[in-house]
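Student:
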Amino acid sequence: MTIDQTPLLAVRDLRVDFTVRRCVLNAVRGVSFTLTRGETLAVLGESGSGKSVTAQAVMGLLDPRRAAVSGAVEFAGIDLLRTHRAERRRYQGRRIAMIFQDALAALNPVVSVGSQIAEVLRVHDGASKSAARTRAIELMDRVRISAAASRYDSYPHQLSGGMRQRIMIAMALALQPDILIADEPTTALDVTVQAQIMQLLMQLRDDTGMALLFITHDLAVSAEVADRIAVMYSGRIVESGSAAEVYANPRHPYTAGLLNSVPRVAARGRRLTPIAGSPPSLTALPSGCTFHPRCPIARDICRTDDPPVLTTSPGHTSACHFAEEVHREPVG
Amino acid sequence: MSNVTVPADESGQAWDIEAQASLSHTALARLLRRPSFLVAAFIVVLMIVIAAVPQAFAGWFGHGDPRACDLVNSAIGPSSGHPFGFDKQGCDVYANVIYGTRDSISIGLLASMFGLVMAVVLGSVSGYYLGVVDAIVSRLSDVFFGFPFLLGALVLLTAFRAHNVWTVSLAIALFTWPTLTRLMRASMLTAKEHDYVLAARSLGASDWRLIRRHLLPNAIAPVIVISALGVGAVIAAEATLTFLGVGLQQPAISWGLQLSDAQSDFQVYPHLLIFPALFLSLTVLAFIVLGDALEDVLDPRRNDD
Chain A
100 MTIDQTPLLA
110 VRDLRVDFTV
120 RRCVLNAVRG
130 VSFTLTRGET
140 LAVLGESGSG
150 KSVTAQAVMG
160 LLDPRRAAVS
170 GAVEFAGIDL
180 LRTHRAERRR
190 YQGRRIAMIF
200 QDALAALNPV
210 VSVGSQIAEV
220 LRVHDGASKS
230 AARTRAIELM
240 DRVRISAAAS
250 RYDSYPHQLS
260 GGMRQRIMIA
270 MALALQPDIL
280 IADEPTTALD
290 VTVQAQIMQL
300 LMQLRDDTGM
310 ALLFITHDLA
320 VSAEVADRIA
330 VMYSGRIVES
340 GSAAEVYANP
350 RHPYTAGLLN
360 SVPRVAARGR
370 RLTPIAGSPP
380 SLTALPSGCT
390 FHPRCPIARD
400 ICRTDDPPVL
410 TTSPGHTSAC
420 HFAEEVHREP
430 VG
Chain B
109 MSNVTVPADE
119 SGQAWDIEAQ
129 ASLSHTALAR
139 LLRRPSFLVA
149 AFIVVLMIVI
159 AAVPQAFAGW
169 FGHGDPRACD
179 LVNSAIGPSS
189 GHPFGFDKQG
199 CDVYANVIYG
209 TRDSISIGLL
219 ASMFGLVMAV
229 VLGSVSGYYL
239 GVVDAIVSRL
249 SDVFFGFPFL
259 LGALVLLTAF
269 RAHNVWTVSL
279 AIALFTWPTL
289 TRLMRASMLT
299 AKEHDYVLAA
309 RSLGASDWRL
319 IRRHLLPNAI
329 APVIVISALG
339 VGAVIAAEAT
349 LTFLGVGLQQ
359 PAISWGLQLS
369 DAQSDFQVYP
379 HLLIFPALFL
389 SLTVLAFIVL
399 GDALEDVLDP
409 RRNDD
């Protein structure tokens, strides 16, 4: 696949602070990444690492009364954080679209699925009722819903989980966005259905040339689909690089820990190596490097200084004072 | 994971045939299987028809003019040609009950409608925007909420010079909207938290579209149901106010007025009380049953049992 190298989306030093009862939560603390046309970036992280908040900040979905967003989200050179609300709506859906984890919750329960897709077309493209219907059925067909026309009038609760996610994808694709943000699109699904949905997403990405920002906590899935990976921990990107590079040669102890904790067929009969401890609460982030209480190689400097982002090899960065010392456990 | 074989298409099977039927169809089919709904709907439709064309019903027993009164007949019980008897002025009670339907039903529907419109507008705006708008609406509704309904309506109607269907409806609505508005606001707050609102925003929906298309349809059901249940209560409230002498005034004809007239004599002449009260109770009951049924129709998720 040829990738156009000018970034379509550039997120720079994105910060999101929630104020909850006078207490400030730093949910995202200076996240930067770029996304080029046709590329798939997997943002990997556990619950509470800030990956979904990052996605919502990029989409402009955070309530300004609850969340303070700073930094820059540049789409084709325009900083979306500095555009007016009405102006910004023109990007939502048309240029950047998003699919959500729980498709049942993300579909309006009292509107039939077909009309929900058609509505997107009617609002944005001003399509007539019948044209929108035809086009919606085409889209349903495209996400491989069999007998699409007969399901146009179904309500979300009448469809299976996989079909609902397909409907979400069809809605997101309706306006042919340049970027699709998928926020854990397969988490709520069975494993076999997960595989189908992932296959569908990959194929649609290849057909349309859109970029995919894939938010997940699933190491296996991201290894399979992503060109590049960004690993998040407590609101920061701790490591990023090409997928192959990050998996083969992790340069942050958290990434290494994650990879070591995955069961492997080759290592049958051995105990898994978990990461000790649990992720920090956002209200009480550790000083220095937020990973230090769980880090096997932490030293004094880690308790006091938050590490800068180091480039360990071209295109591969790590936010660890001792990036060079990190090694993945030998396989075998 | 790349070599996992994927079954052809999971969407091909397990398809519920009933799911293909449209919402209105299944909901209606279910309602029609409920005898209580059928009876209630019949009574409500009948009352509305009577309210619209009372002259078609009043003359059934040959004496259709509610104002053709003769004191000679004062308070005579049910007799041939006068199935409900005569009131103290010697007027035919049956004709009066039939003509009384109009004002009672009108007030019931009008007051409920006023209340509903106010609640939907104020409740959804305050629930969606919160902040200052919400503070104003909420405090205002608290003020009205604080008044005991009867006392408030009594004071208000005493101040009004005209006591007709409109003023009585308005007075009643003025004290029913706070409850409905609170309900609408709460329901809006719940609806707002759903992912589909976020999803719609991610597709670039404007505030107005979000409210109209995604929030209202999901939030309005309880308010509609409560107002429908309230139609009966409003009709009863009209009767109460009229009975207390501040509602409709003679020469208007309403069930409340008839009950009011009956208050001093019903122990001697029970027919003066029984017949208007019977119509009133039946109508109130029918509206309540209908409101209950509405609750089922408004939510597509409840139609798949």
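So the sequence lines, in the order shown, correspond to chains A and B.
Numbering-wise (the numbering used here), the first sequence opens with residue 100 and increments by one.
Numbering-wise (the numbering used here), the second sequence opens with residue 109 and increments by one.
A virtual CB, placed ideally from N, CA and C, is assigned to each residue, including glycine.
So what does DSSP say about A:Q191, is it helix, strand or coil?
Tutor: Indexing the first sequence from 1 puts residue 191 of chain A at position 92. In the three-state reduction of the DSSP assignment, A:Q191 falls in the strand class.
Student: What do you get for A:K228, buried or exposed, if any count of 16 or more other CB atoms within 10 angstroms of its CB means buried?
Tutor: Your numbering for residue 228 of chain A matches position 129 in the first sequence. Label assigned to A:K228: exposed.
Student: Put A:D305 into one of helix, strand or coil per three-state DSSP.
Tutor: By 1-based counting over the first sequence, the position of residue 305 of chain A is 206. If DSSP states are grouped into helix, strand and coil, A:D305 belongs with the helices.
Student: Quick one: which chain A residues come within Cβ less than 8 Å of B:R317?
Tutor: By one-based count along the second sequence, residue 317 of chain B stands at place 209. Near B:R317 (Cβ distances below 8 Å), the residues of chain A are V222.
Student: Going straight from the alpha carbon of B:T298 to that of B:A307, what length do you get?
Tutor: Numbered from 1 along the second sequence, position 190 holds the residue referred to as residue 298 of chain B. Numbered from 1 along the second sequence, position 199 holds the residue referred to as residue 307 of chain B. Between B:T298 and B:A307, the C-alpha separation is close to 16 Å.
Student: Please classify A:D277 as buried or exposed, where buried requires at least 16 other C-beta atoms within 10 Å of its C-beta.
Tutor: On the first sequence, residue 277 of chain A is found 178 positions in, with the first residue counted as 1. Buried, by the Cβ-count rule.
Student: Does the CB of B:A307 have a neighbour CB from chain A at under 8 Å?
Tutor: Taking the first residue of the second sequence as 1, we reach residue 307 of chain B at position 199. True, the Cβ-Cβ gap to chain A drops below 8 Å.
Student: What does the Cβ neighbour count give for A:C122, buried or exposed, with the cut at 16 atoms within 10 Å?
Tutor: The count along the first sequence starts at 1 and reaches residue 122 of chain A at position 23. A:C122 should be labelled exposed.
Student: At a cut of 8 Å, does the stretch 133-148 of chain A reach the stretch 255-274 of chain A through at least three beta carbon pairs?
Tutor: no
Student: Classify B:V276 as buried or exposed, calling it buried when 16 or more other Cβ atoms lie within 10 Å of its own Cβ.
Tutor: Residue numbering aside, residue 276 of chain B sits at position 168 when the second sequence is read from its first letter. The residue is buried, with at least 16 neighbouring Cβ atoms inside 10 Å.
Student: At a Cβ threshold of 8 Å, is A:D201 touching chain B?
Tutor: Position 102 of the first sequence holds residue 201 of chain A. By the rule that beta-carbons nearer than 8 Å mark a contact, A:D201 touches chain B.
Student: Go through the stretch 366-412 of chain A residue by residue and report every complete run of the alpha helix (DSSP H) that reaches 4 residues or more, in order.
Tutor: 399-403
Student: Is the stretch 139-158 of chain B touching the stretch 177-194 of chain B in the sense that three or more CB pairs, one from each, lie closer than 8 Å?
Tutor: no
Student: Can you give me the start and stop residues for the alpha helix (DSSP H) that A:F174 sits inside?
Tutor: The residue given as residue 174 of chain A occupies position 75 in the first sequence. Run containing A:F174: none in the alpha helix (DSSP H); it sits in the beta strand (DSSP E), 166-174.
Student: Mind checking if A:M270 is an interface residue toward chain B, Cβ cutoff 8 Å exclusive?
Tutor: Your numbering for residue 270 of chain A matches position 171 in the first sequence. Interface residue, yes.
Student: Taking DSSP as the reference, what is the three-state secondary structure of A:T233?
Tutor: As a working mapping, residue 233 of chain A is identified with position 134 in the first sequence. Helix at A:T233.
Student: Expressed to the nearest angstrom, what Euclidean distance is found between the alpha-carbon atoms of B:A129 and B:V153?
Tutor: As a first step, residue 129 of chain B is located in the second sequence; it is residue number 21 there, counting from the start. As a first step, residue 153 of chain B is located in the second sequence; it is residue number 45 there, counting from the start. Interpretation of B:A129 is limited by its pLDDT of 44, a score under 50 that renders its predicted location unreliable; the figure taken from the coordinates is listed afterwards. Approximately 27 Å between the Cα atoms of the pair.
Student: For B:Y304, decide whether its Cβ has a neighbour in chain A, counting only Cβ atoms nearer than 8 Å.
Tutor: As a first step, residue 304 of chain B is located in the second sequence; it is residue number 196 there, counting from the start. True, the Cβ-Cβ gap to chain A drops below 8 Å.
Student: By the criterion of Cβ-Cβ separation under 8 Å, what are the contact partners of B:G235 in chain A?
Tutor: Working through the second sequence from its first residue, we reach residue 235 of chain B at position 127. Neighbours of B:G235 on chain A: none; closest Cβ ~14 Å, over 8 Å.
Student: So is B:H171 in contact with chain A if we call contact Cβ pairs under 8 Å?
Tutor: Locating residue 171 of chain B in the second sequence gives position 63, where the first residue counts as 1. No, no contact with chain A.
Student: Taking Cβ positions, are A:A347 and A:D326 nearer each other than 8 Å?
Tutor: Position 248 of the first sequence, counted from the start, is the residue given in the question as residue 347 of chain A. Position 227 of the first sequence, counted from the start, is the residue given in the question as residue 326 of chain A. Contact flag unset, no.
Student: List the endpoints of the continuous beta strand (DSSP E) containing A:V110.
Tutor: If you number the first sequence from 1, residue 110 of chain A lands on position 11. Taken as a continuous stretch (DSSP letters only), the beta strand (DSSP E) holding A:V110 covers 106-119.
Student: Does DSSP put B:A129 in a helix, a strand or coil?
Tutor: Taking the first residue of the second sequence as position 1, residue 129 of chain B is located at position 21. Summary for B:A129: the model assigns pLDDT 44, below 50, so the residue's position carries little reliability, and this model does not support an answer.
Student: Verify whether the separation of the beta carbon atoms of B:I328 and B:V241 is less than 8 Å.
Tutor: Looking up residue 328 of chain B in the second sequence gives position 220. Looking up residue 241 of chain B in the second sequence gives position 133. Their beta carbons are not under 8 Å apart, which means B:I328 does not touch B:V241 by this criterion.
Student: Taking the beta strand (DSSP E) that A:D282 belongs to, which residues open and close that run?
Tutor: On the first sequence, residue 282 of chain A is found 183 positions in, with the first residue counted as 1. Looking at the DSSP string, the run of the beta strand (DSSP E) that includes A:D282 is 278-282.
Student: In chain order, what residues of the same chain have a beta carbon less than 7 Å from the beta carbon of A:V292, not counting five sequence neighbours either side?
Tutor: Numbered from 1 along the first sequence, position 193 holds the residue referred to as residue 292 of chain A. Around A:V292: G260, G261.
Student: Suppose the cutoff is 6 Å on Cβ atoms and the five residues either side in sequence are ignored; what does the same chain contact list for A:R111 look like?
Tutor: Here residue 111 of chain A refers to the residue found at position 12 of the first sequence. Within the same chain, S131, G170, A171 come within 6 Å of A:R111 by CB-CB distance, once the 5 residues on both sides are set aside.
Student: Restricting to Cα atoms, I'd like to know which of A:A247, A:V290, A:Q275, A:T354 is closest to A:A196.
Tutor: Numbered from 1 along the first sequence, position 97 holds the residue referred to as residue 196 of chain A. For A:A196, the nearest C-alpha among the options comes from A:Q275.
Student: Interface residues of chain B around A:Q191 at Cβ under 8 Å?
Tutor: As a position in the first sequence, residue 191 of chain A is number 92, starting the count at 1. Simply R309, S310, L311, G312.
Student: Are B:D200 and B:P162 close, meaning C-beta to C-beta below 8 Å?
Tutor: Stepping through the second sequence from its first residue, residue 200 of chain B is reached at position 92. Stepping through the second sequence from its first residue, residue 162 of chain B is reached at position 54. For B:D200 and B:P162, no; Cβs fall outside 8 Å.
Student: Given this structure, state the Cα-to-Cα distance separating B:G355 from B:W363, to the nearest angstrom.
Tutor: If you number the second sequence from 1, residue 355 of chain B lands on position 247. If you number the second sequence from 1, residue 363 of chain B lands on position 255. Answer to the nearest angstrom: the Cα atoms are 11 Å apart.
Student: Between which two residues does the alpha helix (DSSP H) holding B:A267 run?
Tutor: Indexing the second sequence from 1 puts residue 267 of chain B at position 159. For B:A267, the enclosing alpha helix (DSSP H) stretches over residues 257-267.
Student: What does a CB cutoff of less than 7 Å around A:H391 pick up in its chain, not counting 5 residues either side in sequence?
Tutor: Position 292 of the first sequence, counted from the first residue, corresponds to residue 391 of chain A. Excluding residues within five positions, the ones whose Cβ falls inside 7 Å are P385, A397, C401, R402.
Student: In whole angstroms, what separates the C-alpha of A:A202 from that of A:Q264?
Tutor: One-based indexing of the first sequence puts residue 202 of chain A at position 103. One-based indexing of the first sequence puts residue 264 of chain A at position 165. In a straight line, the C-alpha of A:A202 is about 5 Å away from that of A:Q264.
Student: With DSSP collapsed to three states, give me the class of A:N207.
Tutor: Within the first sequence, residue 207 of chain A is the residue found at index 108, counting from 1. Coil at A:N207, not helix or strand.
Student: Report buried or exposed for A:R232, applying the criterion of at least 16 other Cβ atoms within 10 angstroms of its Cβ.
Tutor: Counting from one through the first sequence, the residue named residue 232 of chain A turns up at place 133. Flag for A:R232 reads buried.
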